[in-house]
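> Below: one structure in structure tokens.
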Amino acid sequence: MSDWILERALNLALEMEEQSIRLYTSAQDRVVNPGSRQFLKELAAKYREKQIGRMFARLAQEELKHKHRLEREYDDVVLKEM
-7 MSDWILERAL NLALEMEEQS IRLYTSAQDR VVNPGSRQFL KELAAKYREK QIGRMFARLA
53 QEELKHKHRL EREYDDVVLK EM
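Given below as structure tokens:
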């Protein structure tokens, strides 16, 4: 899998989680049934708890940037000397 595709997949996953939180939070105000409201509240909380997962995804994105920078440096310096 290319780095670009991996970075795009990570961004998409983060965006989808954020959309899920917004959906469940806004739906809580619209439902009448208290059980449904509680269920939606729990779903939103579940997605919020995934903050560690989001943090690691962002760290992976940052790592990809460093990897690209190192590869460019290698190409520009080491391969030119060969």
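Here the sequence shown is numbered in our numbering, starting from -7 and rising by one per residue. Think of the CB as a built atom: it goes at the ideal place given N, C-alpha and C, for glycine as much as any other residue.
1) Measuring straight from C-alpha to C-alpha, what distance separates residue 67 and residue 58?
2) Quick check: what's the CA-CA separation for residue -1 versus residue 9?
3) Should residue 32 be labelled buried (16 or more other beta-carbon atoms within 10 Å of its own) or exposed?
4) Which first and last residues belong to the alpha helix (DSSP H) in which residue 34 is found?
In this structure, then:
1) Taking the sequence shown and counting its residues from 1, the one referred to as residue 67 is at position 75. Taking the sequence shown and counting its residues from 1, the one referred to as residue 58 is at position 66. Residue 67 and residue 58: Cα-Cα distance of roughly 14 Å.
2) The residue you call residue -1 lines up with position 7 of the sequence shown. The residue you call residue 9 lines up with position 17 of the sequence shown. Each residue's CA atom was taken as its position, placing residue -1 and residue 9 some 16 Å apart.
3) Position 40 of the sequence shown, counted from the start, is the residue given in the question as residue 32. Counting the other Cβ atoms within 10 Å of the Cβ of residue 32 gives 16 or more, which makes it buried.
4) The sequence position of residue 34 within the sequence shown is 42, counting from 1. Residue 34 -> alpha helix (DSSP H) spans 26 to 40.
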